[in-house]
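Data block below; observations after.
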Amino acid sequence: MSAVTTAVSETGLLLSTIARSLVSPIGGVVSYIRAYDDGTPVAGETNAGLVQIASAGHGPHPEHAPALLGVGAGVDEQAATDDALLRALALYVAALWDSPSMRWASADELGDEGLAVEELARLSPIETRDRIRWVEGFALDDGRPIWLPAVLSHIALPVAVEAENFWPQSVAGLAVANDLGAAVLEGLLECVARDALALARTRNAPIPMLSNDRGVAVFEATTEVGVPCAIAQGPASFEVGLAAAPTLEEARVAAAHDLVRRRTRRACGAYPEEAPPDPDFEPSTGSSMSAPGADAPIDLSKPAIVGRLRHAGLAGYAVDLTTDELRSVALAAVRVIVPGLSPIQPIPGWTDHARLARVAT
Numbered sequence: 034m035s036a037v038t039t040a041v042s043e044t045g046l047l048l049s050t051i052a053r054s055l056v057s058p059i060g061g062v063v064s065y066i067r068a069y070d071d072g073t074p075v076a077g078e079t080n081a082g083l084v085q086i087a088s089a090g091h092g093p094h095p096e097h098a099p100a101l102l103g104v105g106a107g108v109d110e111q112a113a114t115d116d117a118l119l120r121a122l123a124l125y126v127a128a129l130w131d132s133p134s135m136r137w138a139s140a141d142e143l144g145d146e147g148l149a150v151e152e153l154a155r156l157s158p159i160e161t162r163d164r165i166r167w168v169e170g171f172a173l174d175d176g177r178p179i180w181l182p183a184v185l186s187h188i189a190l191p192v193a194v195e196a197e198n199f200w201p202q203s204v205a206g207l208a209v210a211n212d213l214g215a216a217v218l219e220g221l222l223e224c225v226a227r228d229a230l231a232l233a234r235t236r237n238a239p240i241p242m243l244s245n246d247r248g249v250a251v252f253e254a255t256t257e258v259g260v261p262c263a264i265a266q267g268p269a270s271f272e273v274g275l276a277a278a279p280t281l282e283e284a285r286v287a288a289a290h291d292l293v294r295r296r297t298r299r300a301c302g303a304y305p306e307e308a309p310p311d312p313d314f315e316p317s318t319g320s321s322m323s324a325p326g327a328d329a330p331i332d333l334s335k336p337a338i339v340g341r342l343r344h345a346g347l348a349g350y351a352v353d354l355t356t357d358e359l360r361s362v363a364l365a366a367v368r369v370i371v372p373g374l375s376p377i378q379p380i381p382g383w384t385d386h387a388r389l390a391r392v393a394t
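Put into structure tokens, the structure is as follows:
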């Protein structure tokens with residue numbers, strides 16, 4: 034969560050003094066934070082022992098959710114601990130669904146008030162006439178209210194009707210930050226990074242290598258959205274990390290951290306499990322290593338990022354998941370959804386958005 038880490042460093046001890054009041058073995062949103070070290074040397078600027086795990090128990094609906102573990106990685110113990118706490122909080126709020134606030138309807142019934150389900154990637158068929166549950170969100174371009182399928186927003190939400198099986202459990206676009214705007218940006222960056230991996234896999238063409246350190250190669254994977262993206266590849270084909278950031282150098286470092294984070298989540302069996310990358314895809318470089326250097330940060334203000342999405346033919350939406358607990362410590366949580374960006378690795382039955390094939394050619 035690069036945007037969050039920046040905000041924390043600028044405000045000093047924000048997470049260590051205020052948000053950490055949410056950590057307690059008795060009655061805390063997060064019950065513990067501890068170091069994780071499996072003895073495996075890890076990538077880039079992250080060293081063994083600088084990976085932290087935060088537990089949010091089984092969330093507000095323990096009968097439906099497995100253990101919720103937030104895995105954090107960073108340049109030092111403080112950064113890794115903050116990252117783990119924020120990610121555990123994100124899982125907690127995503128698992129906090131409220132049935133009475135949901136709306137039963139079909140896309141046909143909602144019309145322009147709801148997201149067009151035909152624009153979504155999917156695991157199984159969903160028709161505009163299918164009645165499913167919806168939650169209220171907002172459009173990123175003008176803030177107008179819009180209804181979004183509840184399964185896009187929440188995890189550990191029991192499927193109520195067959196049509197809701199179209200979407201797998203995923204943490205794509207989940208983010209917690211110091212305010213709603215920062216959380217939206219963080220969620221957007223993750224969506225862009227996931228899409229960059231999907232495009233690189235689909236194209237399966239050489240991409241520029243940025244660094245190769247201790248068995249972890251990092252490649253540039255910036256897409257037509259124009260936000261710097263990087264993919265980190267570990268010794269095994271299933272070990273990848275991905276990140277999008279204001280600069281390519283920040284994306285490079287963040288992707289190496291993400292590789293460590295994903296490796297740890299996989300080792301812990303953390304929920305929800307992510308589909309592994311295509312084993313036949315391994316980033317390769319057709320050029321010599323080219324370090325990003327001191328590249329100038331791109332403009333990631335709201336007008337700028339919305340403009341980048343619009344230029345790529347995309348529109349973004351978000352659901353405010355902020356709870357009273359987070360609000361009390363000046364944090365905000367969101368789930369960001371960008372229908373045209375590919376959010377997960379392919380799994381059996383997965384039909385991706387038509388944009389992926391179009392842009393990949």
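Remember, my numbering sits 33 above the position in the sequence shown when you count from 1.
Ideal Cβ positions, reconstructed from N, Cα and C, are used throughout, including at glycine.
Reducing DSSP to helix, strand and coil, say where Ser204 ends up. It is Val, not Ser, that sits at residue 204 in the sequence shown. Three-state result, Val204: coil.
Is there at least one non-hydrogen atom of the ligand HEM closer than 8 Å to the beta-carbon of Val192? What this structure holds is no ligand at all, so the ligand HEM is not there to describe.
Can you round the beta-carbon distance between Leu124 and Ile188 to whole angstroms, since I take them to be within the 8 Å contact cut? 7 Å
Measuring alpha carbon to alpha carbon, tell me which of Ile331, Thr297, Glu307 ends up nearest Ala113. Thr297
Helix, strand or coil: which one does DSSP assign to Tyr304? coil
If you follow the alpha helix (DSSP H) that Glu399 is part of, which residue opens it and which one closes it? Residue 399 is absent from the structure shown; the chain starts at 34 and stops at 394.
Please report the straight-line C-alpha distance between Gly220 and Ile59, rounded to a whole angstrom. 30 Å
Ser134 in three-state terms, based on DSSP: helix
For a test of the three-state rule: what should DSSP assign to Glu197, helix, strand or coil? helix
9 Å Cβ cutoff met for Ala263 and Arg285: yes
Any chance you could list the beta strand (DSSP E) runs of at least 3 consecutive residues sitting entirely within the segment 143-177, in chain order? 164-172
I think Cys224 touches Ala210, with their Cβ atoms under 8 Å apart; what is that distance to the nearest whole Å? No, Cys224 and Ala210 are not in contact; Cβ-Cβ is about 15 Å, not under 8 Å.
If you follow the beta strand (DSSP E) that Glu219 is in, where does it begin and where does it stop? Per DSSP, Glu219 belongs to no beta strand (DSSP E); it is in the alpha helix (DSSP H), 213-236.
Pro95 burial status per 10 Å Cβ neighbour count (16 or more: buried): exposed
Is there contact between the segment 157-176 and the segment 333-345, where contact requires at least three CB pairs shorter than 8 Å? yes
Give the range of the alpha helix (DSSP H) segment to which Ile240 is assigned. Premise fails: Ile240 is in no alpha helix (DSSP H) and is neither H nor E.
Identified DSSP bridge partners for Gly182: Residue identity differs from the one stated: residue 182 is Pro in this sequence, not Gly. DSSP output for Pro182 lists Trp167 as bridge partner(s).
Outcome for Gly248 when other beta-carbon atoms lying within 10 angstroms are tallied against a minimum of 16: exposed
How many whole angstroms separate the CB atoms of Ser139 and Arg164, which I take to be in contact at a CB cut-off of 8 Å? 5 Å
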